[in-house]
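The next block holds one structure in the form of structure tokens; read it before the comments.
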């Protein structure tokens with residue numbers, strides 16, 4: 001008869017220790033995936049806002065309103081003669097005004113449901129790097145001194161100036 005061979009207890013313990021060491025070194029790379037995903041999403045919102053602003057500025061320039069301190073810009077005329085169907089946003093020197101209604105219009109995000117994916121705050125109760133900025137934050141992350149997870153936006157203050165954007169992701 002042939003003697004059955006298997007792993008010894010010492011071999012099994014060594015393999016378990018090696019797997020434990022690998023798990024301890026690899027786990028931190030995977031544990032923080034949710035905050036990394038939120039930070040990337042904030043960068044996406046910032047990019048979407050910059051793209052929308054470029055389009056609004058183009059529409060304002062076509063309508064001759066890019067140099068006005070305040071103007072209503074038609075961003076979609078719906079192809080009909082009824083002006084009430086037009087989609088309009090308020091612009092400051094051709095760029096989207098930093099007001100929640102205008103940002104909702106250009107970003108096409110839902111902020112009205114009972115658990116919205118995004119929340120826009122006109123007058124945040126947290127310190128922002130951009131003075132008088134509006135912030136856009138994930139619906140499940142209420143901004144505070146320790147939970148800093150938002151996009152800051154401010155329209156330009158003068159003709160020829162550019163809007164200001166900043167992503168704060170230290171608390172995501």
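Numbering (full-length UniProt numbering), first residue to last: 1 to 172.
Just so you know, even glycine gets a beta-carbon here, dropped at the ideal spot from N, CA and C.
Going by C-alpha positions, residue 109 is about 10 Å away from residue 45. Excluding the 5 residues flanking it on each side, residue 122 has same chain C-beta neighbours closer than 7 Å at 99, 100, 134, in chain order. When the alpha-carbon of residue 119 is set against those of 15, 42, 10, 19, the nearest one is in 42.
Excluding the 5 residues flanking it on each side, residue 88 has same chain C-beta neighbours closer than 6 Å at 72, 74, in chain order.
Secondary structure in the segment 104 to 163: the beta strand (DSSP E) runs of 3 residues or longer, each lying completely within the stretch, are 118 to 121, 134 to 138, 150 to 154 in chain order. Distance from the CA atom of residue 161 to the CA atom of residue 170, rounded to whole angstroms, is 28 Å. Per DSSP, the beta-bridge partners of residue 74 are 88.
Taking all protein chains in view, the Cβ of residue 3 is surrounded by fewer than 16 other Cβ atoms within 10 Å, so the residue is classified as exposed. Straight across, the Cα-Cα distance linking residue 148 with residue 61 is about 35 Å. Rounded to whole angstroms, the gap between the alpha carbons of residue 59 and residue 130 is 26 Å.
Residue 95 sits in a strand when the DSSP states are folded into three classes.
Residues of the same chain with a CB within less than 8 Å of the CB of residue 11, apart from the 5 flanking positions on each side, do not exist. Residue 167 places its beta carbon 8 Å or farther from that of residue 144. Residues of the same chain with a CB within less than 6 Å of the CB of residue 152, apart from the 5 flanking positions on each side, are 128, 130, 133, 135, 166 in chain order.
By the neighbour-count criterion, in which a residue is buried when 16 or more other Cβ atoms sit within 10 angstroms of its Cβ, residue 85 is exposed.
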